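Peer 1:
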Amino acid sequence: MLAFILRRILQSLVVMLVVALVSFALFRYVGDPISTMMGQEATIADREALRERLGLNDPFIVQFFDFVSRAVQGDFGISYRLQQPVMELILSRLPATLELALVSGVLAFVFGVGFGVYTALNRRGWLSTTIMSVSLIGVSLPTFLIGVLLIWLFAVELQWLPSFGRGEVVDLGSWWSTGFLTPSGRASLILPAITLGLYQMTLIMRLVRAEMLEVLRTDYIKFARARGLSNRAIHFGHALKNTMVPVITITGLQLGAIIAFAIITETVFQWPGVGALFINSVRFVDVPVMAAYLMLIAVIFVVINLIVDLLYYAVDPRLRVERAGAGH
Amino acid sequence: MTGDKMKEPLLSVRDLVVEFPTRHGTLRALDQVSFDIGPGEVLGMVGESGAGKSLTGAAIIGLLEPPGRIAGGEIRLRGARIDNLSYEQMRRIRGRRIGMVFQDPLTSLNPLYTVAQQLIQTIRTHMDVSEADARKRAVALLDRVGIPAAARRIDDYPHHFSGGMRQRVVIALALAAEPELVIADEPTTALDVSVQAQIIDVLKEICAERGASVMLITHDMGVIAETADRVAVLYAGRVAEIGPVRDVIQHARHPYTAGLMGAIPTLEQTSDRLVQIPGAMPRLNSIPTGCAFNPRCAHVFDHCYRERPVLRQAAPQHEVACWLTEEGGA
Ligand SMILES: Nc1ncnc2c1ncn2[C@@H]1O[C@H](COP(=O)(O)OP(=O)(O)O)[C@@H](O)[C@H]1O
Ligand code: SF4
Ligand SMILES: [Mg+2]
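Going down the list, the sequences are from chains B and C.
Residue numbers for the first sequence follow the working numbering, so the first one is 1 and each next one is one higher.
Residue numbers for the second sequence follow the working numbering, so the first one is 1001 and each next one is one higher.
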């Protein structure tokens, strides 16, 4: 178990190092940081001096090492555009994105698994057919279109829900601001969360359905039926548990994807999260912010992966090889 | 049935027809299958792959996979029909009155639950006992089927057991709620040869102890000879011959059975081995009219092409579906 975790952590570190390299290359070679920082009127001598002072003339390896060691301490430099420490900027935007992703992820998971199980168990019912057809629209429509449609219907026509922003937020501790505690904050979450989670929900639903149908055909389900177990025990115990083994992995990865794809949803709904921050940074070639965002997404993916592996391990006893080896 | 001292059968299958509706017409996989199993009796069921052995078992326990369906005949358990029960009524019979052992112990057990969880759940589904009592029963059962250190091993997952041990667990599960009839569908085919006999012995012993009847599906005539009281030979979804094991083995009346037994006179030297009958069993969509065996039969004559032979008594308790018996025999 410990060896397994250590191995995974080591692999994660390697992944992070590779992403850091890409980030750094972006940081260092996209645009010229000196001209961005000094503007047009600075002299060549001034530029050279700054270049020297920032260590931009050092060998690549030294610069990379420097970049990584500062990144580990959370130092990604100063935003060209906003003249604020990048880390501070990102931290102030992170709660908005994480809360949105969390709600989307939970919605996608709960409805994805629910619909998946329902359509697998009632394969030929009209409701299943309807759900499957609608879900096809869900995967094929682009996210921004879904967002715009939802805004048009629920914000403009019906005027039930706000069309942009986070609503009223409450500060928790020194840097976390939450929208969960106010009615307007919660109302503001609904449309963007649906927009962001719809695609993932469809994906999870189709996966759960396919896996469940597969599991229902297995010998151990036939044997469970032959022992007279109740349908409930068979479907929601034996079958669902086996269905979830592969679903956990995909779902975890989808949560990472949700955070990454939040860029579009945040833009459509003017959601003040890191995705919107990233888009604005791209527009102004604010390279430190872009590099930091890349690293952040990588960290999130790696952490989720790690959690998924551990969950997998907890659910499937066959992976606990050490125990068998110990001769129990 | 004319058997004078035969008690009321535990299971009685009469003219069972199982069909699969397909786009190209209806396939008749079982055609008027009839047989009885007496209380405490072991009925062997043989026939080559695709003969309909597994379907017969599935039809009895009510688990035919759609679109397969019972299209005719009836199945009675202690005189009461069970082929027309609701899903829920049939569910109460499965495991409780009819147990089933499948072929492959590697895939029959849910990999994510311990043996204890699966046994206790099965016991408590059918019997009103506490968790602790169910566990006691489960340990005793595992011990009885020959799992060493059952009290400790019961909390292991299936993948911790070898194939033979897993099949013992499967037998324990099938017998957990003390069924009156156990259908064992090729219970040793997937196992290592060295453990096959042990598994059959365990199954047979426990069922004998409890007075449970067994329907033993296999294509191993050796197992049938040692284990079964009577044997039914299936061919292309029809019963070709049924009778006491000794009778059928020594005096096979149906040419197909004779072929199976390797009792063809010219091949006496190899009479203990299974002799290959030339040709193959017909596919369901091309079963010949008349006797289904006629393309492969060495004794075929014109009547065999015209009319299907029905089961007729050839000797006490010994029935055969062949025109030869009809004309020359009883
Ligand atoms: N779902 C199905 N659709 C069509 N034919 C089937 C289906 N399941 C089984 N059969 C047919 O029923 C026949 C009997 O099958 P089975 O009972 O499994 O044979 P056995 O167990 O004797 O080897 C076979 O010819 C098989 O092709
Ligand atoms: S009925 Fe005719 S074809 Fe069929 S087994 Fe008997 S002799 Fe052969
Ligand atoms: Mg079979």
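We put the CB at the ideal spot given by N, CA and C, even for glycine.
Fair warning: this is a prediction, and the values are worked out from it, not measured in the lab.
Please specify which runs of the alpha helix (DSSP H), each continuous and at least 4 residues long, are wholly inside the region 1034-1079 of chain C, giving them in chain order.
Peer 2: You should have 1053-1061.
Peer 1: From Ala1321(C) to Gln1103(C), what does the alpha carbon distance come to, in whole angstroms?
Peer 2: C-alpha of Ala1321(C) to C-alpha of Gln1103(C): approximately 29 Å in a straight line.
Peer 1: Please find out if some non-hydrogen atom of ligand 3 comes closer than 7 Å to the beta-carbon of Asp1185(C).
Peer 2: yes
Peer 1: Closest Cβ-Cβ distance between Tyr220(B) and chain C: below 8 Å?
Peer 2: At least one chain C Cβ lies under 8 Å of Tyr220(B).
Peer 1: Which same chain residues end up closer than 7 Å to Ser1012(C) when comparing Cβ atoms and leaving out the 5 residues on each side of it in sequence?
Peer 2: Asp1036 and Arg1076
Peer 1: Enumerate, from N- to C-terminal direction, the unbroken beta strand (DSSP E) stretches of 3 or more residues contained entirely within the region 75-115 of chain B.
Peer 2: none
Peer 1: If you pair each beta-carbon of the region 1111-1123 of chain C with each one of the region 1134-1142 of chain C, do three or more pairs fall below 8 Å?
Peer 2: Two segments are said to touch when three or more pairs of C-beta atoms, one from each, lie closer than 8 Å; by this definition the region 1111-1123 of chain C touches the region 1134-1142 of chain C.
Peer 1: Does the pairing of the region 205-216 of chain B with the region 271-278 of chain B give three or more beta-carbon distances under 8 Å?
Peer 2: no
Peer 1: Would you check if the region 150-161 of chain B and the region 69-80 of chain B touch, i.e. whether three or more CB-CB distances between them fall below 8 Å?
Peer 2: As far as the Cβ criterion goes, the region 69-80 of chain B does not touch the region 150-161 of chain B, which means the pair count is below three.
Peer 1: Under 6 Å, CB to any heavy atom of ligand 1. Which residues pass, going along the chain?
Peer 2: So the residues near ligand 1 by this Cβ test are Phe1020(C), Leu1027(C), Ala1029(C), Gly1047(C), Ser1049(C), Gly1050(C), Ala1051(C), Gly1052(C), Lys1053(C), Ser1054(C), Leu1055(C), Glu1065(C), Gly1068(C) and Leu1284(C).
Peer 1: Identify whether Tyr1113(C) lies in helix, strand or coil by the three-state DSSP scheme.
Peer 2: coil
Peer 1: Using three-state DSSP, classify Thr1318(C) as helix, strand or coil.
Peer 2: For the sequence presented, residue 1318(C) should be read as His rather than Thr. Looking at His1318(C) - three-state DSSP - the assignment turns out to be strand.
Peer 1: Run through chain B and tell me which residues come within less than 8 Å of Gly1095(C), C-beta to C-beta.
Peer 2: Ala226, Arg227, Gly228 and Leu229
Peer 1: Return the first residue and the last residue of the alpha helix (DSSP H) that Phe261(B) is part of.
Peer 2: Leu240 to Val268
Peer 1: Got a sec: is the Cβ-Cβ distance from Leu1063(C) to anything in chain B below 8 Å?
Peer 2: yes
Peer 1: Does the distance from the CB of Tyr118(B) to the CB of Val287(B) come in under 8 Å?
Peer 2: no
Peer 1: With three or more beta-carbon pairs closer than 8 Å as the criterion, would you say the region 1293-1311 of chain C touches the region 1276-1285 of chain C?
Peer 2: yes
Peer 1: For chain C, is any of its Cβ atoms less than 8 Å away from the one on Phe223(B)?
Peer 2: For Phe223(B), the answer is yes, since a Cβ of chain C falls inside 8 Å of its Cβ.
Peer 1: At the level of alpha carbons, what is the spacing between Ala292(B) and Phe27(B)?
Peer 2: 9 Å
Peer 1: Would you call the region 1060-1068 of chain C and the region 1218-1231 of chain C touching, i.e. three or more CB-CB distances under 8 Å?
Peer 2: Contact between the region 1060-1068 of chain C and the region 1218-1231 of chain C is absent, because fewer than three Cβ pairs lie under 8 Å.
Peer 1: Just how far apart, CA to CA, sit Thr129(B) and Ile137(B)?
Peer 2: 13 Å
Peer 1: If distances are taken between C-alpha atoms only, which option among Asn280(B), Ala25(B) and Ala239(B) comes closest to Ala120(B)?
Peer 2: Ala239(B)
Peer 1: Taking 7 Å as the limit between beta carbons, can you name the residues of its chain near Thr202(B), skipping five residues before and five after?
Peer 2: Ser135, Gly138 and Val139
Peer 1: Are the region 294-305 of chain B and the region 223-238 of chain B touching by the rule of at least three beta carbon pairs closer than 8 Å?
Peer 2: no
Peer 1: Assign Gln1269(C) to one of three DSSP states: helix, strand, or coil.
Peer 2: Its pLDDT being 45, under 50, Gln1269(C) is placed unreliably by the model, and nothing is read from it.
Peer 1: Rounded to whole angstroms, what is the Cα-Cα separation between Leu1267(C) and Pro1282(C)?
Peer 2: Confidence at Leu1267(C) is low in this model, with a pLDDT of 39, below 50, so the placement of that residue should be treated as unreliable; the coordinate-derived value is given next. If you draw a straight line from the Cα of Leu1267(C) to the Cα of Pro1282(C), it is about 25 Å long.
Peer 1: Chain C beta carbons: is any one of them nearer than 8 Å to that of His238(B)?
Peer 2: yes
Peer 1: Counting along the chain, where does the beta strand (DSSP E) carrying Gly1243(C) start and finish?
Peer 2: Note, Gly1243(C): beta strand (DSSP E), Arg1238 to Pro1244.
Peer 1: Note down, in chain order, all residues in the region 102-132 of chain B with a beta-carbon under 7 Å from any beta-carbon belonging to chain C.
Peer 2: none
Peer 1: Return the CA-CA distance between Arg124(B) and Gly1211(C), expressed in angstroms with no decimal places.
Peer 2: 43 Å
Peer 1: With C-beta atoms as the reference, is Val303(B) less than 8 Å away from Met290(B)?
Peer 2: Not in contact: Val303(B) and Met290(B) (Cβ atoms no closer than 8 Å).
Peer 1: Between which two residues does the beta strand (DSSP E) carrying Tyr220(B) extend?
Peer 2: Tyr220(B) -> not in any beta strand (DSSP E); alpha helix (DSSP H) instead, spanning Asp219 to Ala226.
Peer 1: At the 8 Å Cβ level, is Ala314(B) part of the contact set with chain C, yes or no?
Peer 2: no
Peer 1: Name the chain A residues that come within less than 8 Å of Arg318(B), Cβ to Cβ?
Peer 2: Included in the structure are the protein chains B and C, with no chain A among them.
Peer 1: Output yes or no for whether 8 Å exceeds the beta carbon distance between Arg1028(C) and Leu1284(C).
Peer 2: yes
Peer 1: With 16 other CB atoms within 10 Å as the buried threshold, where does Asn122(B) fall?
Peer 2: exposed
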